[in-house]
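Per full-length UniProt numbering: the sequence shown ends with 505, consecutive numbering throughout.
Just so you know, even glycine gets a beta-carbon here, dropped at the ideal spot from N, CA and C.
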Amino acid sequence: KEAKLWGGRFEESVTEAVETFTESISFDKLLSKYDIMGSIAHAQMLAHQSLISVKEKDEIVKGLEDIERRIANGEFQWRTDREDVHMNIEAALIEMIGEPAKKLHTARSRNDQVLTDFRLWCRDAIDGIIGSMKRLQVSMVTLALKNEGLIVPGYTHLQRAQPVLLQHLLLAYVEQIDRDIGRLVDCRARMNFCPLGACALAGTGLPIDRFMTSETLGFTAPLRNSIDAVSDRDFVMEFLSANAITAVHLSRLGEEWVLWASEEFGFITPSDSVSTGSSIMPQKKNPDPMELVRGKSARVIGDLVTLLTLCKGLPHAYNRDLQEDKEPVFDSVKTILGMLEVSAEFALNITFNRDRIQKALPAGHLDATTLADYLVNKGVPFRTSHDIVGRAVALCTSKNCQLLDLSLDELRSINPVFDEHVYEYLGVENAINKFSSYGSTGSACVASQLDYWTKKLEIK
Ligand code: ARG
């Protein structure tokens, strides 16, 4: 059995069970690229500070680059008995180049090393997620552009409320995703500080230059406090919180589209390419991708909860519990990327059923609030106009008709304030045309929102 890199004081080797239970190589090998990047920066700094010779640095860098190539080609042998990614790479380097490799861990601990790797990994992950978010925004705007002028029922409490332009609803999602991007941008900026050189927890008496490694690795600056540097996981919590919020947004989108694809709504038809069937019911065509977007949001929320729970009882500084921080992050990132990609694809593969939507619009008195505004324009206090329109709706209910079917006499029997201009406010098309406030569903307002997004996202 190979001696552990930390084996000096030990007389017995660890049991199989402990080795299997404590290893992290099975998942933290995902950090290898960043571990090597960090080690190269560290070696360069050590040489610059004359803690190792330039020759030793060159051999270390060459060896590490070689290991990186072997990993990329799938030729590198990951070993559970070498515990984690850091010791797998260091032990392999020692095996390859001998003595100089034994100097690499000068003024470094796995505690600052793992966090350097992890921050670098998360930084790249954030950039990837932001890319996917922009693609989803583009899909949503593209879908909006394809459906100009389409009015759909707007809901509150899932009850018919007011008419809205479909474009307006789709752009609501674009806004939400934009704030999700903003949260990741903020998180990235706060995350981008370098733990390297904090060592185990207290720093070092060796003459290292933390500013140099920080700069080489593209961080804003070294973290100011070495204890904080190896203890903190709030950058992870913040990242997972941002992902959880995004997941909730996508889950709501999923729910909406699943509902809209139902026979009962029938507002959208997903194409076959984004639907799946039933193993028993031959007629079925299900919107599974969006159901799974809704379903997978549970994992992303769970990943955040795992991190929060993991950290809540930990004293400073590093505790081995913290090794458990990686899998939730890997899972969260993989899941959110899939959710974003599938949502974008789904958006490009649905058709809005204009006839069906058109038939649905008359029900639910979507123009009632516009009618109340008509009365306000005529000087009726809003509370009174609300009451008058309420009575008109009651009359419609008893007659089983729409507001625009009521005659002027019938309206006047409720209140003499009505005149023939009332019909310019009734019906969903008229109602839509009356909206004019900033951010409203009025055609001009929506057109300017759409213009903003088409330009911002550079859609042709
Ligand atoms: N695999 C460990 C982790 O992920 C690396 C740090 C180990 N440090 C230690 N002192 N055992 O946290």
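Worksheet item: Can you pull the DSSP bridge partners for residue 331?
Response: Counting from one through the sequence shown, the residue named residue 331 turns up at place 286. Residue 331 is bridged to 321.
Discussion item. Please determine whether the Cβ atom of residue 69 lies at a distance below 7 Å from any heavy atom of the ligand ARG.
Written reply: As a working mapping, residue 69 is identified with position 24 in the sequence shown. Taking 7 Å as the cut-off, the C-beta of residue 69 counts as close to a heavy atom of the ligand ARG.
Fill in: Length of the line joining the Cα atoms of residue 84 and residue 174
Locating residue 84 in the sequence shown gives position 39, counting from the first residue. Locating residue 174 in the sequence shown gives position 129, counting from the first residue. Looking at the backbone, the Cα of residue 84 and that of residue 174 are separated by about 26 Å.
Practice prompt. Go to residue 205, then tell me how far its beta strand (DSSP E) extends in each direction, as first and last residue.
Written response: As a position in the sequence shown, residue 205 is number 160, starting the count at 1. 204–210 is the span of the beta strand (DSSP E), which, as asked, contains residue 205.
Item to complete: Mind checking who residue 238 pairs with in its DSSP beta bridge?
Response: For this step, residue 238 is matched to residue 193 along the sequence shown. According to DSSP, residue 238 bridges with 266.
Worksheet item: Does the distance from the CB of residue 437 to the CB of residue 448 come in under 8 Å?
Response: One-based indexing of the sequence shown puts residue 437 at position 392. One-based indexing of the sequence shown puts residue 448 at position 403. It is a contact, given that the beta carbons lie within the stated cut-off.
Worksheet item: For the ligand ARG, is there a heavy atom less than 7 Å away from the beta-carbon of residue 79?
Response: Along the sequence shown, one-based indexing puts residue 79 at 34. Not so, every heavy atom of the ligand ARG lies at least 7 Å from the Cβ.
Fill in: First and last residue of the uninterrupted beta strand (DSSP E) at residue 397
On the sequence shown, position 352 is the one that residue 397 refers to. Taken as a continuous stretch (DSSP letters only), the beta strand (DSSP E) holding residue 397 covers 395–397.
Item to complete: Take the Cβ of residue 348 as the centre, count every other Cβ of all protein chains shown within 10 Å, and call the residue buried at 16 or more, exposed below.
Response: Taking the sequence shown and counting its residues from 1, the one referred to as residue 348 is at position 303. Classified as buried, residue 348 has 16 or more neighbouring CB atoms from the shown chains inside 10 Å of its CB.
Item to complete: Specify the secondary structure class of residue 486 as computed by DSSP and reduced to three states.
Response: Locating residue 486 in the sequence shown gives position 441, where the first residue counts as 1. Residue state, collapsed to three classes: coil.
Worksheet entry | Status (buried if at least 16 other CB within 10 Å, exposed otherwise) for residue 501 | The sequence position of residue 501 within the sequence shown is 456, counting from 1. Answer is exposed; the Cβ neighbour count stays below 16.
Worksheet item: Helix or strand or just coil, what does DSSP make of residue 196?
Response: Residue numbering aside, residue 196 sits at position 151 when the sequence shown is read from its first letter. In the three-state reduction of the DSSP assignment, residue 196 falls in the strand class.
Item to complete: Could you spell out where the alpha helix (DSSP H) holding residue 174 opens and where it closes?
Response: The residue labelled residue 174 in the question sits at position 129 within the sequence shown. From DSSP, the alpha helix (DSSP H) with residue 174 extends over 155–191.
Discussion item. Is it buried or exposed, residue 51, if we count other Cβ atoms within 10 angstroms and call 16 or more buried?
Written reply: As a first step, residue 51 must be located in the sequence shown, where it is residue number 6. Counting every other CB atom within 10 Å of its CB across the protein chains shown gives residue 51 a total below 16, marking it as exposed.
Fill in: Distance, residue 458 Cα to residue 229 Cα
The count along the sequence shown starts at 1 and reaches residue 229 at position 184. The count along the sequence shown starts at 1 and reaches residue 458 at position 413. Taking the Cα positions, residue 229 is about 58 Å away from residue 458.
Worksheet entry | residue 105 vs residue 146 beta-carbon contact at 8 Å | Along the sequence shown, read from residue 1 onward, the residue named residue 105 stands at position 60. Along the sequence shown, read from residue 1 onward, the residue named residue 146 stands at position 101. Yes; because the gap between Cβ atoms is below 8 Å, this pair is in contact.
Discussion item. Let me confirm a value: residue 172 is counted as buried when at least 16 other C-beta atoms fall within 10 Å, else exposed. Which label applies?
Written reply: Counting from 1 along the sequence shown, the entry for residue 172 is found at position 127. Residue 172 is exposed by the Cβ-count criterion.
Worksheet entry | Backbone CA spacing between residue 227 and residue 408 [nearest angstrom] | Stepping through the sequence shown from its first residue, residue 227 is reached at position 182. Stepping through the sequence shown from its first residue, residue 408 is reached at position 363. Whole-angstrom Cα-Cα distance: 39 Å.
Item to complete: Count the CB pairs spanning the segment 149–168 and the segment 267–280 that are closer than 8 Å, and state whether there are at least three.
Response: yes
Discussion item. One question on the structure: do residue 284 and residue 264 come within less than 8 Å of each other, judged by their Cβ atoms?
Written reply: Counted from its first residue, the sequence shown places residue 284 at position 239. Counted from its first residue, the sequence shown places residue 264 at position 219. Cβ distance not < 8 Å, so residue 284 and residue 264 don't count as in contact.
Practice prompt. Report the rounded CA-to-CA distance for residue 137 versus residue 355, giving the unit in angstroms.
Written response: As a first step, residue 137 is located in the sequence shown; it is residue number 92 there, counting from the start. As a first step, residue 355 is located in the sequence shown; it is residue number 310 there, counting from the start. Going by the C-alpha atoms only, they are around 31 Å apart.
Fill in: Inter-residue Cα distance where the pair is residue 305 and residue 385
Position 260 of the sequence shown, counting from 1, holds the residue named residue 305. Position 340 of the sequence shown, counting from 1, holds the residue named residue 385. The alpha-carbon separation between residue 305 and residue 385 amounts to approximately 19 Å.
Worksheet item: Could you give the residue range of the alpha helix (DSSP H) that holds residue 373?
Response: The residue labelled residue 373 in the question sits at position 328 within the sequence shown. Residue 373 -> alpha helix (DSSP H) spans 371–392.
Worksheet item: My guess is that residue 477 and residue 210 are in contact by the Cβ rule of under 8 Å, so how many angstroms apart are they, rounded?
Response: Residue 477 sits at position 432 when you count from the first residue of the sequence shown. Residue 210 sits at position 165 when you count from the first residue of the sequence shown. 7 Å between Cβ atoms; contact.
Fill in: the ligand ARG heavy atom lying under 7 Å from the CB of residue 367
Counting from 1 along the sequence shown, the entry for residue 367 is found at position 322. True, at least one ligand heavy atom lies under 7 Å from that Cβ.
Item to complete: State the DSSP-derived secondary structure class of residue 313, mapped to helix, strand or coil.
Response: Start at 1 with the first residue of the sequence shown, and residue 313 comes out as number 268. Of the three classes helix, strand and coil, the one that applies to residue 313 here is strand, per DSSP.
Discussion item. At a cut-off of 7 Å, would you count residue 157 as near the ligand ARG, judging by its Cβ distance to the nearest heavy atom?
Written reply: If you number the sequence shown from 1, residue 157 lands on position 112. The ligand ARG has no heavy atom closer than 7 Å to the beta-carbon of residue 157.
Discussion item. Just to confirm the assignment, what range does the alpha helix (DSSP H) spanning residue 444 have?
Written reply: As a first step, residue 444 must be located in the sequence shown, where it is residue number 399. DSSP places residue 444 in the uninterrupted alpha helix (DSSP H) bounded by 427–444.
Fill in: residue 310 versus residue 398 - alpha carbon distance
Reading the sequence shown from its first residue, position 265 is the one you call residue 310. Reading the sequence shown from its first residue, position 353 is the one you call residue 398. Near 10 Å, if we compare the C-alpha coordinates of residue 398 and residue 310.
Discussion item. Are there any heavy atoms of the ligand ARG lying less than 7 Å away from the beta-carbon of residue 363, as far as the coordinates show?
Written reply: Position 318 of the sequence shown, counted from the first residue, corresponds to residue 363. Taking 7 Å as the cut-off, the C-beta of residue 363 counts as close to a heavy atom of the ligand ARG.
Practice prompt. Ignoring anything shorter than 4 residues or poking outside the segment 242–303, list the alpha helix (DSSP H) runs there in chain order.
Written response: Segments of the alpha helix (DSSP H) lying fully in the segment 242–303: 255–261, 271–276.
Worksheet item: What are the boundary residues of the alpha helix (DSSP H) that includes residue 89?
Response: Position 44 of the sequence shown, counted from the first residue, corresponds to residue 89. Counting along the chain, the alpha helix (DSSP H) containing residue 89 begins and ends at 77–93.
Worksheet item: Where do the N-terminal and C-terminal ends of the alpha helix (DSSP H) with residue 141 fall, by residue?
Response: For the purposes of this step, residue 141 is taken as the residue at position 96 of the sequence shown. Segment 130–142, the alpha helix (DSSP H) holding residue 141.
Discussion item. Does the contact criterion of 3 or more C-beta pairs under 8 Å hold for the segment 407–426 versus the segment 457–474?
Written reply: When Cβ pairs closer than 8 Å are counted between the two stretches, the segment 407–426 is seen to touch the segment 457–474, the count reaching three or more.
Discussion item. Given a cut-off of 8 Å on the beta-carbon distance, is the pair residue 245 and residue 154 in contact?
Written reply: Sequence index remark: in the sequence shown, residue 245 carries index 200 (1-based). Sequence index remark: in the sequence shown, residue 154 carries index 109 (1-based). Cβ distance < 8 Å, so residue 245 and residue 154 count as in contact.
Worksheet item: Taking the alpha-carbon positions, what's the residue 78 to residue 340 distance?
Response: The residue you call residue 78 lines up with position 33 of the sequence shown. The residue you call residue 340 lines up with position 295 of the sequence shown. Going from the Cα of residue 78 to the Cα of residue 340 covers about 32 Å.
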